[in-house]
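Beneath this line is the structure, given in structure tokens, with notes to follow.
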Amino acid sequence: MSGGGAMTVADAAYPGPGGPGRPAFGPLSRLLVVAPHPDDETIAAAGLMQAARQAGATVRVWLLTDGDNNPWPQRWVERRWRIDDGARRRWGRRRRAESMEALQRMGFDPAAVLQPFGWPDGGLTDRFIADPGGLMILLQRELSAFSPTDLVIPAVTDRHPDHGTAGLLMTLAARQAGLAQRVLSYRIHGGRPAEAALAWELDDSQWASKQRAMTAYATQSALSASRLRRMAGRREVFRSDPFWPWPGRVPVTRLEPGPGGGSLVFDLGWPARVLARQRLLVVAAPPGGTPTVRVIAGPALAALARRQAGGIRLTVQGLATENCHTFLKLEPLRRGPWIFDRCPWLGLPAQGAPTTDTRDPIP
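Heads up, the sequence shown is in this note's numbering, so the first residue is 2 and it goes up one at a time.
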């Protein structure tokens, strides 16, 4: 890759112009980095962005939210307890300004690079549920307008719910837009697998710029400076598959043929009472069509469970997912202070095929 640094390749599925598995930037390259919150772009891809800029490529960062739903650092920094809507908006403006300052410290023109969407922090999944078709149209339109050659997105199996849903949205939108971009994914929450796909080692100049950029995020370093430094390492790891291996146990799931589109079967090592506080999201995405989202929640979900050895079996009938790529997720109806997911988005490869992993089901 042009622009310094070193690329370690263990996954040849990324067909970059520099050879199998080895991306290369040039003056005609257009790199798009998708960040759910301010600082994600720098943590995940500061070196990659600098390499692209040094090679003459156009770089764009999509900032999906302003990170305004961040109450504990805000309480600490502002010495206030009550966080109302006005305080949240003010915090969001401050965090967006930090991303702009970080980009400037890395040599970018932030006004030309940063494209903020202003979506609800902590609410990307609910936004997807409310209007999946409208969201797909918007994302496809924006993708077509920028026409990236290289797309960097969050892993669908990131433990942060905004990251996971952002990864799924971008995966669906990119493929339905029909653009010939190359896709890399990153995971910030949930660890990195031993078999790193693409590992970008920052050179001395890139590393110094990344460190300077990270000091711009004062709101995030107020309570967790050491954690932030650990996350923003000199080695940036990417995979071409957005469905990274999940660090914990995932349910055994399968689609079984039958009337009305068949049944979804979950085998869970959970007590049945847990389901009354959960919701099941089922996304059916027809190739080239508009995805739909079905939500089954609370007591209605618990009523579908049957006890079995080692846990429960959850069977959902009439999904009407024929000829569709199917994605599903179990998540809490309400999240407390611990926001991270216990179960990721899962992709099902085909009806009747069991899976206990999270590999991308879209060929």
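C-beta atoms are modelled at their ideal positions from N, C-alpha and C, and glycine is treated no differently.
Check your understanding: What are the boundary residues of the alpha helix (DSSP H) that Asn-128 is part of?
Key -> Position check: residue 128 holds Arg in this sequence, whereas Asn was assumed. Per DSSP, the continuous alpha helix (DSSP H) segment holding Arg-128 begins and ends at 125-131.
Point to revise | Three-state secondary structure assigned by DSSP to Ile-313 | key: Correct three-state label for Ile-313: strand.
Exercise for review: Determine which residues share a DSSP beta bridge with Ala-36 and list them.
Suggested key: DSSP links Ala-36 through a beta bridge to Leu-64.
Check your understanding: Between Gly-5 and Arg-308, what straight-line distance do the alpha-carbon atoms span, to the nearest angstrom?
Key -> Any reading at Gly-5 must be qualified, since the residue scores a pLDDT of 49, below 50, and its modelled position is unreliable; no value is offered.
Check your understanding: Got a sec, what are the start and stop residues for the alpha helix (DSSP H) Ala-200 sits in?
Key -> DSSP places Ala-200 in no alpha helix (DSSP H) but in the uninterrupted beta strand (DSSP E) bounded by 199-202.
Practice item. Can you tell me which of the three DSSP states Leu-347 falls into? Key: Leu-347 falls in the strand class under three-state DSSP.
Check your understanding: Thr-43 and Pro-345: beta carbons closer than 8 Å?
Key -> No, the Cβ-Cβ distance between Thr-43 and Pro-345 is not below 8 Å.
**Study point:** Of the residues Trp-271, Ala-46, Val-283, Arg-336, the one placed nearest Val-153, counting alpha carbons only
**Key:** Nearest option by C-alpha distance: Ala-46.
Review point. According to the Cβ coordinates, are Gly-48 and Trp-201 closer than 8 Å?
Key: A contact, by the Cβ cut-off of 8 Å.
Check your understanding: Which residues in the same chain have their Cβ closer than 8 Å to the Cβ of Leu-347, if we skip the five residues on either side of it in sequence?
Key -> Excluding residues within five positions, the ones whose Cβ falls inside 8 Å are Val-251, Pro-252, Thr-254, Phe-328, Leu-329, Lys-330, Thr-356, Thr-359.
Practice item. Could you check what DSSP says for Ala-233 in three-state terms: helix, strand or coil? Key: Ala-233 falls in the coil class under three-state DSSP.
Review point. So the beta strand (DSSP E) Asp-242 belongs to, where does it begin and stop?
Key: Counting along the chain, Asp-242 falls outside any beta strand (DSSP E), and DSSP gives it neither H nor E.
Exercise for review: For Asp-205, count neighbouring C-beta atoms within 10 Å of its own C-beta (all shown protein chains included) and say buried if the count is 16 or more, exposed if not.
Suggested key: Asp-205 comes out exposed.
Exercise for review: Measure the CB-CB distance between Ala-277 and Cys-325 and report whether it falls below 8 Å.
Suggested key: Cβ atoms of Ala-277 and Cys-325: not closer than 8 Å.
**Study point:** Length at least 3, wholly inside the segment 86-158: the beta strand (DSSP E) runs in chain order
**Key:** Runs of the beta strand (DSSP E) inside the segment 86-158: 115-120, 151-155.
Review point. Taking Ala-88 as the reference, which of Ala-103, Asn-71, Met-101, Glu-102 has the closest Cα?
Key: When each option's Cα is compared against that of Ala-88, the closest is Asn-71.
Point to revise | CB contact flag (Asp-127, Gly-93, <8 Å) | key: For Asp-127 and Gly-93, no; Cβs fall outside 8 Å.
Point to revise | Other residues of its chain near Leu-144: CB distance less than 7 Å, five sequence neighbours each side excluded | key: Only Ala-174, Ala-175, Ala-178, Leu-180 meet the Cβ criterion.
Review point. Measuring CB to CB, does Ala-36 end up less than 8 Å from Val-62?
Key: Yes, they are a contact pair.
Check your understanding: Since Ser-206 is in the alpha helix (DSSP H), which residue starts that stretch and which ends it?
Key -> Bounds of the alpha helix (DSSP H) holding Ser-206 are 205-215.
Review point. Is DSSP giving Leu-256 helix, strand or coil here?
Key: The DSSP-derived three-state label of Leu-256 is strand.
Exercise for review: Have a look at Arg-31, Gly-299, Thr-66 and flag the residue whose alpha-carbon is nearest the alpha-carbon of Ala-56.
Suggested key: Closest option to Ala-56, Cα to Cα, is Arg-31.
Check your understanding: Candidates Ser-227, Glu-237, Met-232, Leu-140: which alpha carbon is nearest Gln-207's?
Key -> Selected option, being the one with the closest Cα: Glu-237.
Review point. Excluding sequence positions up to five away, which residues of its chain have a Cβ less than 6 Å from the Cβ of Arg-235?
Key: Answer for Arg-235: Leu-203, Trp-208, listed in chain order.
Check your understanding: Which class does Arg-80 belong to by DSSP, given the choice of helix, strand or coil?
Key -> Coil.
Check your understanding: Quick one, are the C-beta atoms of Leu-373 and Leu-265 less than 8 Å apart?
Key -> Residue 373 lies beyond the stretch modelled for the chain, which goes from 2 to 364, so this question has no answer here.
Practice item. Answer yes if the segment 215-229 comes into contact with the segment 132-149, meaning at least three C-beta pairs across the two stretches below 8 Å, and no otherwise. Key: Taking 8 Å as the limit for Cβ pairs, the verdict is that the segment 215-229 does not touch the segment 132-149.
Review point. With DSSP run on the structure shown, which of helix, strand or coil describes Asp-268?
Key: DSSP places Asp-268 in strand when its eight states are reduced to three.
Review point. When DSSP builds the beta bridges, which residues end up paired with Phe-328?
Key: Phe-328 is bridged to Val-284, Gly-348.
Check your understanding: In whole angstroms, what separates the C-alpha of Gln-212 from that of Ile-84?
Key -> A straight-line Cα-Cα distance of about 31 Å links Gln-212 and Ile-84.
Check your understanding: Apart from the five residues just before and just after His-164, which ones in its own chain have a Cβ nearer than 6 Å to its Cβ?
Key -> Non-local C-beta neighbours of His-164 in its own chain, meaning closer than 6 Å and more than five positions away in sequence, comprise Pro-37, Pro-155, ordered along the chain.
Practice item. Using 7 Å as the cut-off, classify the Cβ of Ala-58 as near or not near the heavy atoms of the ligand SAM, replying yes or no. Key: Ligands in the displayed structure: none, and consequently the ligand SAM is not present.
Practice item. Can you tell me which of the three DSSP states Arg-278 falls into? Key: Helix, per DSSP.
Point to revise | Segment limits, beta strand (DSSP E) that includes Thr-172 | key: Residue range 162-178 is occupied by the alpha helix (DSSP H) that includes Thr-172, with no beta strand (DSSP E) assigned at that position.
Point to revise | Local Cβ density within 10 Å of Phe-129, reported as buried at 16 or more and exposed below that | key: So Phe-129 ends up on the buried side.
Practice item. Could you please give the first and the last residue of the uninterrupted beta strand (DSSP E) stretch that includes Ile-297? Key: Unbroken beta strand (DSSP E) run through Ile-297: 293-298.
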